[in-house]
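Trainee: Next up is a structure, given as structure tokens.
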Ligand SMILES: NC(=O)c1ccc[n+]([C@@H]2O[C@H](COP(=O)([O-])OP(=O)(O)OC[C@H]3O[C@@H](n4cnc5c(N)ncnc54)[C@H](OP(=O)(O)O)[C@@H]3O)[C@@H](O)[C@H]2O)c1
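Numbering (mature numbering (1 follows the signal peptide of the UniProt record, and there is no 0)), first residue to last: -17 to -1, 1 to 224.
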């Protein structure tokens, strides 16, 4: 029997030393109370809207404000560079994007590497709102958006390429702008926090399984199987059997 070994750290060249938390997601209401600070980004200043809730429904979405609460860093460095800012401009959307009211967001190893400046040569400009993974509600659609509408509950990884010009305004905010093609409707049997914990980790696990050429009858050894990517690789391998 062929033994397929998935070396998850090699799936993408993102060897991360930050303690990952791809399945760790919290609502912004929880996180928003951790740090309160005066904004250091005058160009982003604008007023906060009410906090999102994991029980929020499409009908509860209110009008889009011009300002929002967000986690922001204006320089690369350790965890201390991240500040809470209640006056960040709500991002504008382009024609292929939707604006999401963020209900839950999750962090991955890449967020820590990015904050440390490990790929600043290809990063978007500072200041940065971190966060790739998101689950939320569509509150505005661009003119070229075809398959999503206001009120849709969606989830996804907002960056098509992790290291190349990721969105400056990520998911650790009340609102984030995302290309329609990067989102999917949230399964009804997942709540927002569960959905936000999936995108990047499950993409990585899926890619790993694809690269092994796994098929029925073959065995797979998943290293780090208790982790975010590993646990999804194990589950994915069962689906493919
Ligand atoms: N999450 C993503 O979206 C993503 C994307 C691209 C690449 N990656 C890479 O994929 C790998 C896994 O990421 P993850 O998000 O799944 O991390 P994670 O949730 O922290 O899981 C890491 C797993 O590896 C185990 N582990 C750590 N050090 C070990 C060691 N010295 N010997 C044996 N097992 C060890 C951990 O065991 P314990 O639980 O016992 O500590 C845990 O089960 C990382 O290299 C990451 O950079 C992740």
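Note that beta-carbon positions come from the ideal geometry of N, C-alpha and C, so glycine has one too. These numbers were taken from a predicted model, which means no experiment stands behind them.
1. Going by DSSP, which residues form a beta bridge with residue 136?
2. Closer than 7 Å by C-beta to residue 108: which residues in its own chain qualify, once you throw out the five before and the five after it? Chain order, please.
3. Where does residue 116 land, buried or exposed, given buried means 16+ other C-beta within 10 angstroms?
4. Closer than 7 Å by C-beta to residue 179: which residues in its own chain qualify, once you throw out the five before and the five after it? Chain order, please.
5. Using the DSSP secondary-structure output, state which residues sit across from residue 127 in a beta bridge.
6. Since I believe residue 54 is in contact with residue 65 (beta carbons under 8 Å), could you give me their beta-carbon distance rounded to a whole number of angstroms?
7. Could you tell me if the beta carbon of residue 88 falls within a distance shorter than 7 Å of some heavy atom in ligand 1?
8. In angstroms with no decimal places, state the Cα-to-Cα distance between residue 161 and residue 176.
9. With DSSP as the reference, label residue 56 as helix, strand or coil.
10. Starting from the Cα of residue 47, find the closest Cα among 59, 123, 206 and 57 and give me that residue.
11. Rounded to the nearest angstrom, how far is the Cβ of residue 214 from that of residue 192, given a contact under 8 Å?
12. Please work out which residues of its chain come closer than 7 Å, Cβ to Cβ, to residue 132, disregarding the five sequence neighbours upstream and downstream, and give them in chain order.
13. Does at least one heavy atom of ligand 2 sit under 7 Å from the Cβ of residue 100?
14. In this structure, does DSSP put residue 64 in helix, strand or coil?
15. Which residues mark the beginning and the end of the alpha helix (DSSP H) in which residue 162 is found?
16. Please tell me whether, using a cut-off of 7 Å, the distance from the CB of residue 187 to the nearest non-hydrogen atom of ligand 1 is below it.
17. Could you check whether the Cβ of residue 114 sits closer than 7 Å to any heavy atom belonging to ligand 1?
18. Check whether the Cβ atoms of residue 126 and residue 190 sit closer than 8 Å, and answer yes or no.
19. Keeping to the same chain, check which residues put their C-beta closer than 6 Å to that of residue 184; ignore five residues upstream and five downstream.
20. Shorter than 7 Å, the distance from the beta carbon of residue 149 to the closest heavy atom of ligand 1, or not?
21. Could you give the uninterrupted runs of the beta strand (DSSP E) lying entirely in the stretch 150 to 199, keeping only those of 3 residues or more?
22. Do residue 80 and residue 163 have their C-beta atoms within less than 8 Å of each other?
Mentor: A quick look at the data gives this:
1. In the chain shown, residue 136 corresponds to position 153, counting from 1. Beta-bridge pairing links residue 136 to 120.
2. As a first step, residue 108 is located in the chain shown; it is residue number 125 there, counting from the start. Excluding positions up to five away in sequence, the list reads 151.
3. For the purposes of this step, residue 116 is taken as the residue at position 133 of the chain shown. Per the 10 Å Cβ criterion, buried.
4. As a first step, residue 179 must be located in the chain shown, where it is residue number 196. Answer for residue 179: 8, 87, 88, 89, 116, 117, 118 and 138, listed in chain order.
5. Residue numbering aside, residue 127 sits at position 144 when the chain shown is read from its first letter. The partner list for residue 127 (beta bridge, DSSP) is empty, contrary to what the question assumes.
6. As a first step, residue 65 is located in the chain shown; it is residue number 82 there, counting from the start. As a first step, residue 54 is located in the chain shown; it is residue number 71 there, counting from the start. That pair is a contact at about 5 Å.
7. Position 105 of the chain shown holds residue 88. It does not: the Cβ of residue 88 is nowhere closer than 7 Å to a heavy atom of ligand 1.
8. Your numbering for residue 161 matches position 178 in the chain shown. Your numbering for residue 176 matches position 193 in the chain shown. Computed Cα separation, rounded: 18 Å.
9. Within the chain shown, the letter at position 73 stands for residue 56. Strand, per DSSP.
10. By one-based count along the chain shown, residue 47 stands at place 64. When only C-alpha atoms are compared, the closest one is 123.
11. Here the question's residue 214 lines up with position 231 in the chain shown. Here the question's residue 192 lines up with position 209 in the chain shown. No, residue 214 and residue 192 are not in contact; Cβ-Cβ is about 13 Å, not under 8 Å.
12. For the purposes of this step, residue 132 is identified with residue 149 of the chain shown, where counting begins at 1. Taken in chain order, the residues that qualify are 121 and 124.
13. Within the structure as shown, ligand 2 is missing, the only ligands being ligand 1.
14. Sequence index remark: in the chain shown, residue 64 carries index 81 (1-based). Residue state, collapsed to three classes: helix.
15. Residue 162 sits at position 179 when you count from the first residue of the chain shown. Run containing residue 162: none in the alpha helix (DSSP H); it sits in the beta strand (DSSP E), 158 to 162.
16. Taking the chain shown and counting its residues from 1, one reaches residue 187 at position 204. Result yes, Cβ under 7 Å from ligand 1.
17. Locating residue 114 in the chain shown gives position 131, where the first residue counts as 1. Incorrect: residue 114 has no Cβ contact closer than 7 Å to ligand 1.
18. Counting from 1 along the chain shown, the entry for residue 126 is found at position 143. Counting from 1 along the chain shown, the entry for residue 190 is found at position 207. It is not a contact, given that the beta carbons lie outside the stated cut-off.
19. The residue given as residue 184 occupies position 201 in the chain shown. These residues qualify, in order along the chain: 5, 211, 212 and 215.
20. Reading the chain shown from its first residue, position 166 is the one you call residue 149. No, the beta carbon of residue 149 sits no closer than 7 Å to any heavy atom of ligand 1.
21. 158 to 162 and 166 to 168
22. Against the chain shown, residue 80 aligns to sequence position 97. Against the chain shown, residue 163 aligns to sequence position 180. Yes, these two residues count as a Cβ contact at 8 Å.
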